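Enquirer: Before I ask anything, let me first share the structure, which is written out below as structure tokens.
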């Protein structure tokens, strides 16, 4: 079954999606939300691509390499942006995004 074949990636995707959703919600409550605009936007993009890729892997998509490359790129960019912010939720999100990017890059290789 495809979900067993991709279990490490699926776990990383799910963890990243949850971290991005939490970061997104938390950023909206920060005092200087305008300073968080890029972080908020990337959180949404990253959560959405991770959720989509997780679903696609469970149905054995024929586009694994292409989606993995795109997902890795978005996760890496989101992680880099979140790492710039001192908030705990941003730091946790950066860690999850970088881990997910690593897993997607391994899959695409």
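Numbering (full-length UniProt numbering), first residue to last: 1 to 109.
Even glycine gets a Cβ: it sits at the ideal position worked out from N, Cα and C.
Remember, predicted model here, so these are calculated numbers, not experimental data.
1) Between residue 14 and residue 54, is the Cβ-Cβ spacing less than 8 Å?
2) Rounded to whole angstroms, what is the Cα-Cα separation between residue 10 and residue 57?
3) Give every residue of the same chain whose Cβ lies closer than 7 Å to the Cβ of residue 125, excluding the five residues on either side of it in the sequence, and list them in chain order.
4) Using the rule of at least 16 other Cβ atoms within 10 Å of the residue's Cβ for burial, across every protein chain shown, is residue 43 buried or exposed?
5) For the alpha helix (DSSP H) containing residue 91, name the first residue and the last one.
Expert: This is what the structure holds:
1) Yes.
2) About 8 Å.
3) Nothing can be reported for residue 125: it is not among the residues displayed for the chain, which extend from 1 to 109.
4) Taking all protein chains shown into account, residue 43 has 16 or more neighbouring C-beta atoms within 10 Å of its C-beta and is therefore buried.
5) Unbroken alpha helix (DSSP H) run through residue 91: 88 to 108.
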